[in-house]
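Single-structure report; data block below.
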Amino acid sequence: MVVCRMTLMVCKKKRSEIEKKTKWWKLKKEECCEEFRQKLRQALGGQVLLPDDWETTAEVIRETGRKVLGVSSGRRKEDKETWWWNEEVQDSIQRKRLAKKKWDMDRTEENRQEYKELQRRVKREVSKAKQKAYDELYTRLDTREGEKDLYRLARQRDRDGKDVQQVRVIKDRDGRVLTSEESVQRRWKEYFEELMNEENEREKRVEGVNSVEQKVDKIGKDEVRKALKRMKSGKAVGPDDILVEVWKCLGEAAVEFLASLFNRVLESERMPEEWRRSVLVLIFKNKGDVQSCSNYRGIKLMSHTMKLWERVVEARLRKVVEICEQQYGFMPRKSTTDAVFALRILMEKYRDGQRELHCVFVDLEKAYDRVPREELWYCMRNSGVAEKYVRVVQDMYERSRTVVRCAVGQTEEFKVEVGLHQGSALSPFLFAIVMDQLSEEVRQESPWTMMFADDIVICSESREQVEENLERWRFALERRGMKSRVMESVGKR
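Each step along the sequence shown adds one to the number in full-length UniProt numbering, with nothing skipped, and position 244 is 244.
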């Protein structure tokens with residue numbers, strides 16, 4: 001038998017730190033919203049907003065928000081274990097601390113009994129506060145407004161189980177583990193810079209396309225109101241630190257300001273430089289090695305004001321461009337459930353008739369990140385989009401820059417010259433335009449061909465025919481720089 005004493009050094013789990021942000025969520029309270037409006041008007045010399053100066057107005061909005069609403073501590077929300085804390089608990093703990101100091105200075109029995117009594121009182125107050133907070137949480141989760149909290153809690157429990165937020169080491173392209181913060185940041189930058197700046201091989205188009213030169217109408221206030229209404233609250237803020245809640249709080253003054261701002265952008269075809277920056281956040285795909293960069297999806301946090309501008313442009317493009325009926329992704333009055341229902345009906349009919357049905361499910365590899373922008377401009381023009389809007393969309397992608405936010409901080413900034421913005425309000429419709437044009441000669445009518453963004457299902461009555469159709473799809477997509485991969489093939493009799 002060997003007896004020994006061992007001293008083990010346990011590494012302390014480092015708390016994730018994020019950039020400090022203005023507490024814009026306080027604008028939900030009407031009193032905070034009203035105070036913000038008044039302070040902003042005072043800061044701008046009696047005006048609610050400056051109609052012709054985005055840079056000054058944006059800076060004043062940020063400064064006023066910090067003064068009126070405060071700034072976050074820079075810690076993640078899930079790291080806070082005392083979310084149930086209230087004033088009663090705070091007061092009880094303060095009295096307990098004072099009693100402890102008093103007992104340390106004078107070790108009498110009376111002081112000890114006072115301290116012990118306050119200890120028991122604090123435990124009761126904490127238990128009562130926790131129970132009350134949980135009761136309120138359960139009540140809120142049963143409401144429609146609480147659905148968001150329910151999904152947030154579920155996602156948080158899933159992340160805690162995988163400990164994805166604490167992945168502070170990553171593997172390089174050769175599989176070696178990188179441990180220093182500088183090397184991890186360099187690897188993330190290297191991976192996404194390569195991903196977002198390299199095109200797949202493709203044929204260069206020889207034929208041209210005629211541009212549609214036509215006068216476009218000025219942007220009206222109703223268009224801005226509709227765009228504001230479509231923007232959801234509670235989303236992650238972009239690098240400019242101005243949430244859409246700010247514009248909703250300012251009401252008609254914001255609508256008038258934004259309409260004037262968007263018309264200047266439309267006329268000049270140049271948006272503010274601040275909108276060209278984004279922050280890339282990492283979303284684990286829930287499969288594979290957590291230390292492999294390829295198992296993470298990069299989502300861009302962009303300026304909410306730019307997203308509003310995209311919403312206005314998107315609404316106009318949808319009136320001009322007609323997307324094929326086979327596309328179910330991000331189309332009004334359509335969803336993936338419609339495509340699933342149509343496919344099930346088709347399979348049931350063939351099963352009842354004891355006939356063969358073969359289906360192939362195809363996915364495009366890194367579809368959004370690898371869309372050649374020259375193809376995008378061609379597809380927009382070929383769809384009948386006015387040249388004015390083509391140039392406006394080109395401006396959205398010109399000189400775009402981003403940084404990667406990871407567990408060890410932010411990387412250096414780099415340019416993004418290939419693909420669509422993941423996280424953009426306009427990107428889903430732009431991708432639908434590209435898929436509509438590239439599949440024009442190979443797609444069949446629904447339900448024999450159905451698409452949901454970059455996911456495709458191809459059906460046929462024979463294995464030979466479905467393989468032939470698959471090859472035609474591959475050729476049509478890959479010659480234009482889009483790589484496809486077969487996810488699953490199903491044959492039913």
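All residues carry an ideal CB built from backbone N, CA and C; glycine is no exception.
query: Anticipated Cβ contact below 8 Å, V390 with L420, distance rounded; result: Not confirmed; about 15 Å, so no contact.
query: DSSP-derived helix/strand/coil call for G409; result: strand
query: Residue 497, enclosing beta strand (DSSP E) - first and last residue; result: Here the chain covers residues 1 to 493 and nothing more, so residue 497 does not appear.
query: Expected contact under 8 Å - CB spacing of R480 and L438 to nearest Å; result: 5 Å
query: Inter-residue spacing [alpha-carbon to alpha-carbon] between R472 and R297; result: 29 Å
query: Contacting residues, own chain, Cβ-Cβ under 6 Å from R277 (five flanking each side not counted); result: P239, R401
query: Beta carbon of R311 nearer than 8 Å to that of A425; result: yes
query: In chain order, each beta strand (DSSP E) run of at least 3 residues that lies wholly inside the region 411-438; result: none
query: For L261, the first and last residue of its enclosing alpha helix (DSSP H); result: 252-268
query: Given V167 as reference, the closest of E412, L317, S292 once Cα atoms are compared; result: S292
query: Sub-8 Å separation of I242 and A43 beta-carbons; result: no
query: K483, DSSP secondary structure in three states; result: coil
query: Beta-bridge partners of M71, as assigned by DSSP; result: In the sequence as displayed, the identity of residue 71 is Val instead of Met. DSSP, once it has assigned bridges, lists T22 as partnering V71.
query: Inter-stretch contact at 8 Å, needing at least 3 Cβ pairs: the region 82-97 / the region 114-131; result: yes
query: DSSP three-state assignment for L364, whether helix, strand or coil; result: strand
query: Nearest candidate by alpha-carbon position, reference A339, set S383, Y138, V457, K20; result: V457
query: Exposed unless 16 or more other CB atoms sit within 10 angstroms - verdict on G384; result: exposed
query: Cα-Cα separation, D79 to Y191; result: Interpretation of D79 is limited by its pLDDT of 43, a score under 50 that renders its predicted location unreliable; no figure is taken from the coordinates.
query: Burial state of P447, where buried means 16 or more other Cβ atoms lie within 10 Å; result: buried
query: Bridge partner(s) assigned by DSSP for Y296; result: F284
query: Backbone secondary structure at I93 - three-state DSSP; result: helix
query: Reduced DSSP category for K171 - H, G, I as helix; E, B as strand; rest coil; result: strand
query: Straight-line Cα distance separating T108 from K100; result: 12 Å
query: Collapsed DSSP secondary structure at S183 in the structure displayed; result: helix
query: M451 versus G329 - alpha carbon distance; result: 7 Å
query: DSSP state of I345 mapped onto helix, strand, coil; result: helix
query: Host alpha helix (DSSP H) of S127 (start-end); result: 109-141
query: Own chain, CB closer than 8 Å to V89, minus 5 neighbours either side, in chain order; result: V122, E125, V126, A129
query: For V281, the nearest candidate out of R405, K287, Q326 (CA to CA); result: R405
query: Secondary structure of K80, DSSP reduced to three states; result: With a pLDDT of 47 at K80, under the threshold of 50, the modelled position of this residue cannot be trusted; read the value that follows with caution. Coil.
query: Segment contact flag, the region 308-327 with the region 222-239, C-beta cutoff 8 Å, min 3 pairs; result: yes
query: Range of the contiguous alpha helix (DSSP H) that encloses C32; result: 30-43
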